[in-house]
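S.K.: Under our numbering, the first residue of the sequence shown carries the number 363, and numbering increases by one thereafter.
Below is one structure. I have some questions about it.
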Amino acid sequence: MPKNLNIGLVGGGFMGRTHSNAYCKVFHFFDLEYKPVLKAVCALPEEAARAFADKWGFESVETDWRQLVTRPDIDLVDICVPNNLHRAVAIAAAEAGKMILCEKPLARTVPEGQEMVDAVEKAGVPNLVSYNYRRIPAVTLAKQIVDSGKLGRIFHYRANFLQDWTISSNLPQGGDSLWRLDVAVAGSGVTGDLLAHCIDTALWLNGPITDVNAMTETFIKERHHQLTGKVEPVGIDDACSFFCHFANGSLGLFESTRYARGHKALYTFEINGEHASIGWNLHDLHRLQYFDHADDSQVRGWRSIHVSDGDQPYMNHWWVPGLQIGYEHSFVHQVADFLEGIARGEPAGPTFREALRTQQVCDAVLASAKEKTWKEI
Ligand SMILES: NC(=O)c1ccc[n+]([C@@H]2O[C@H](COP(=O)([O-])OP(=O)(O)OC[C@H]3O[C@@H](n4cnc5c(N)ncnc54)[C@H](O)[C@@H]3O)[C@@H](O)[C@H]2O)c1
363 MPKNLNIGLV GGGFMGRTHS NAYCKVFHFF DLEYKPVLKA VCALPEEAAR
413 AFADKWGFES VETDWRQLVT RPDIDLVDIC VPNNLHRAVA IAAAEAGKMI
463 LCEKPLARTV PEGQEMVDAV EKAGVPNLVS YNYRRIPAVT LAKQIVDSGK
513 LGRIFHYRAN FLQDWTISSN LPQGGDSLWR LDVAVAGSGV TGDLLAHCID
563 TALWLNGPIT DVNAMTETFI KERHHQLTGK VEPVGIDDAC SFFCHFANGS
613 LGLFESTRYA RGHKALYTFE INGEHASIGW NLHDLHRLQY FDHADDSQVR
663 GWRSIHVSDG DQPYMNHWWV PGLQIGYEHS FVHQVADFLE GIARGEPAGP
713 TFREALRTQQ VCDAVLASAK EKTWKEI
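In structure tokens, the structure reads:
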């Protein structure tokens, strides 16, 4: 008999929805020892929390996350609030002995993230950070191919994450839905929001980054602030590009911006090795591009692998071979891996400690851009 696992969700926005959807679906598609129960959601204002609870089937609502994390009927605290709240909620949840799933980035800065790592490790509670792109089957397949050694020596890793939603100078900063433009809440701009994903995937696929050299730009220097009502300086990086060395000797090139007109959420990466290369693109997320130099020369070329067969990562849990899945499923896989890891006593990654490495790269990137110099990690 599966054991009920009571979920306390903090935050009822975009990620609150993706995580709730994952808890609703996961038990239908994976055989798990733990069955998620949507026990309580905390969001603001109270009417929004109630509407969210009604839509997704949460049994109760809270408006103070401190109440939620100490409730004895909550087993797992899921943190889907803006970045400035991650540290306080996670530390309180750890002290209350709860399992924790925290949205990315782990924190706004390395010192904040370090406190979170210390808290979960002192409490000995299972913990995971939601770098969900690792769990898109084509990306997981990329990891399997890299780990198999098929690429040989790696020369290059490059990644982009491009959007275009902040180009208008009339867009305000701060408050609901625009907290990403408020540096006090977000911690940084595209570096923590978008490049953090690219960095997590890169560290996972290609190993540690040793040093970085970055440039950032804030194209629109002042914006109306929704909370203060005043025109305030913009403190976030609107765009960030950096290059780096990996410990395996390869070179990395990363770019992110919210000023790439025409791109809504284009995350791409490519790895070039001695024998083979792989590439992936969020707009075509069920495909992995693969080039193998060992192929017969007359038919050698980039293959577009449709990752939808039962022997490819996660796909045996879904429909029948040939039918693809999408973005939302990465969150279902994340919950499945987290719960399976808890049952087996082997934590799924990235743990808070692993996600702190991404934070270290982000902080070094921002420091490098500010000081116009190389920064070691
Ligand atoms: N893994 C991913 O790909 C991904 C994608 C988007 C966002 N995120 C991360 O998820 C987190 C949330 O982002 P989002 O896009 O869901 O934001 P959002 O603005 O859509 O939702 C934030 C929610 O937090 C609630 N909230 C704010 N302050 C609160 C408080 N004091 N108490 C209770 N609830 C509070 C709001 O009411 C809202 O429901 C961020 O850390 C973000 O970086 C991750």
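A virtual CB, placed ideally from N, CA and C, is assigned to each residue, including glycine.
So, residue 582 versus residue 571, is the Cβ gap smaller than 9 angstroms?
M.R.: No. Outside cutoff.
S.K.: What would DSSP say about residue 568, mapped onto helix, strand or coil?
M.R.: Helix at residue 568.
S.K.: Let's see if you can read the secondary structure: which residues bound the alpha helix (DSSP H) around residue 677?
M.R.: Premise fails: residue 677 is in no alpha helix (DSSP H) and is neither H nor E.
S.K.: Which first and last residues belong to the alpha helix (DSSP H) in which residue 692 is found?
M.R.: Element bounds for residue 692: 690-706.
S.K.: Please determine whether the Cβ atom of residue 416 lies at a distance below 8 angstroms from any heavy atom of ligand 1.
M.R.: For ligand 1, not one heavy atom lies less than 8 angstroms from the Cβ of residue 416.
S.K.: Measure the alpha-carbon distance for residue 681 versus residue 368 and round it to whole angstroms.
M.R.: The straight-line gap from Cα to Cα measures roughly 28 angstroms.
S.K.: So the alpha helix (DSSP H) residue 416 belongs to, where does it begin and stop?
M.R.: Segment 408-418, the alpha helix (DSSP H) holding residue 416.
S.K.: Is the closest heavy atom of ligand 1 to the C-beta of residue 422 under 8 angstroms?
M.R.: No, the beta carbon of residue 422 sits no closer than 8 angstroms to any heavy atom of ligand 1.
S.K.: For the pair the stretch 588-596 and the stretch 490-507, tell me if three or more CB-CB distances fall below 8 angstroms.
M.R.: No, because fewer than three Cβ pairs between the stretch 588-596 and the stretch 490-507 fall closer than 8 angstroms, the two stretches do not touch.
S.K.: Should residue 466 go down as buried or exposed, given a rule of 16 or more other Cβ atoms within 10 Å for buried?
M.R.: When all chains shown are included, residue 466 counts as buried.
S.K.: Would you call the CB atoms of residue 543 and residue 536 closer than 9 angstroms?
M.R.: Their beta carbons are under 9 angstroms apart, which means residue 543 touches residue 536 by this criterion.
S.K.: Could you check the C-alpha separation between residue 404 and residue 661 for me, to the nearest Å?
M.R.: Taking the straight line from one Cα to the other gives about 56 angstroms.
S.K.: What did DSSP end up calling residue 468 once you bin it into helix, strand or coil?
M.R.: Coil at residue 468, not helix or strand.
S.K.: For residue 522, report the span of its beta strand (DSSP E) as first-last.
M.R.: That run of the beta strand (DSSP E) goes 516-524.
S.K.: Where do the ends of the beta strand (DSSP E) carrying residue 714 lie?
M.R.: Looking at the DSSP string, residue 714 is not in any beta strand (DSSP E); the run it does join, the alpha helix (DSSP H), is 714-733.
S.K.: At what residues does the beta strand (DSSP E) containing residue 366 begin and finish?
M.R.: Here the beta strand (DSSP E) through residue 366 covers 365-372.
S.K.: Could you tell me which of 385, 443 and 429 sits nearest to residue 373, measuring between CA atoms?
M.R.: Answer by Cα proximity: 443.
S.K.: Which value, in whole angstroms, describes the spacing of the CA atoms of residue 382 and residue 400?
M.R.: Approximately 8 angstroms, taken between the alpha carbons.
S.K.: According to DSSP, is residue 665 helix, strand or coil?
M.R.: DSSP places residue 665 in strand when its eight states are reduced to three.
S.K.: I believe residue 430 touches residue 461 by the beta-carbon criterion, under 8 angstroms. Please report the beta-carbon distance rounded to the nearest angstrom.
M.R.: That pair is no contact at about 14 angstroms.
S.K.: Whose C-beta lies closer than 6 angstroms to the C-beta of residue 508 among residues of the same chain, with five residues either side of it excluded?
M.R.: These residues qualify, in order along the chain: 567.
S.K.: Could you check how far apart the C-beta atoms of residue 601 and residue 547 are, in whole angstroms? I think they sit under 8 angstroms.
M.R.: Rounded, the Cβ-Cβ distance is 19 angstroms, inconsistent with contact.
S.K.: Let's see if you can read the secondary structure: which residues bound the alpha helix (DSSP H) around residue 386?
M.R.: Here the alpha helix (DSSP H) through residue 386 covers 376-391.
S.K.: Let me confirm a value: residue 688 is counted as buried when at least 16 other C-beta atoms fall within 10 Å, else exposed. Which label applies?
M.R.: Exposed, by the Cβ-count rule.
S.K.: Nearest-angstrom Cα distance between residue 586 and residue 526?
M.R.: Approximately 19 angstroms between the Cα atoms of the pair.
S.K.: Are residue 712 and residue 703 close, meaning C-beta to C-beta below 9 angstroms?
M.R.: Their beta carbons are not under 9 angstroms apart, which means residue 712 does not touch residue 703 by this criterion.
S.K.: Starting from residue 546 and walking both ways along the alpha helix (DSSP H), at which residues does that stretch end?
M.R.: Its alpha helix (DSSP H) spans residues 545-548.
S.K.: Compare the Cα-Cα distances from residue 674 to each of 724, 505 and 606 and report the closest residue.
M.R.: The shortest Cα separation from residue 674 among 724, 505 and 606 belongs to 505.
S.K.: Looking at residue 402 and ligand 1, is the gap between the Cβ and the nearest heavy atom below 8 angstroms?
M.R.: No, ligand 1 has no heavy atom inside 8 angstroms of this Cβ.
S.K.: Measure how close the beta-carbons of residue 588 and residue 534 come, nearest whole angstrom, since I'm counting them as under 8 angstroms.
M.R.: Going by Cβ atoms, the distance from residue 588 to residue 534 rounds to 5 angstroms, so yes, they are a contact pair.
S.K.: Identify, in the order they occur along the chain, each residue of the same chain with its Cβ nearer than 7 angstroms to the Cβ of residue 737, setting aside the five sequence neighbours on each side.
M.R.: 573, 574, 726, 729 and 730, listed in sequence order.
S.K.: For residue 637, tell me which candidate among 511, 397, 363 and 697 has the shortest Cα-Cα distance.
M.R.: Residue 511 is the option with its Cα nearest to residue 637.
S.K.: Relative to the alpha-carbon of residue 434, which residue among 395, 627 and 459 has its alpha-carbon at the smallest distance?
M.R.: With distances taken between Cα atoms, residue 434 lies closest to 459.
S.K.: Measuring only the C-alpha atoms, how far is residue 456 from residue 490?
M.R.: Approximately 12 angstroms between the Cα atoms of the pair.
S.K.: Do residue 627 and residue 524 have their C-beta atoms closer together than 9 angstroms?
M.R.: Yes.
S.K.: Does residue 491 come out as helix, strand or coil in the three-state DSSP assignment?
M.R.: Residue 491 falls in the strand class under three-state DSSP.
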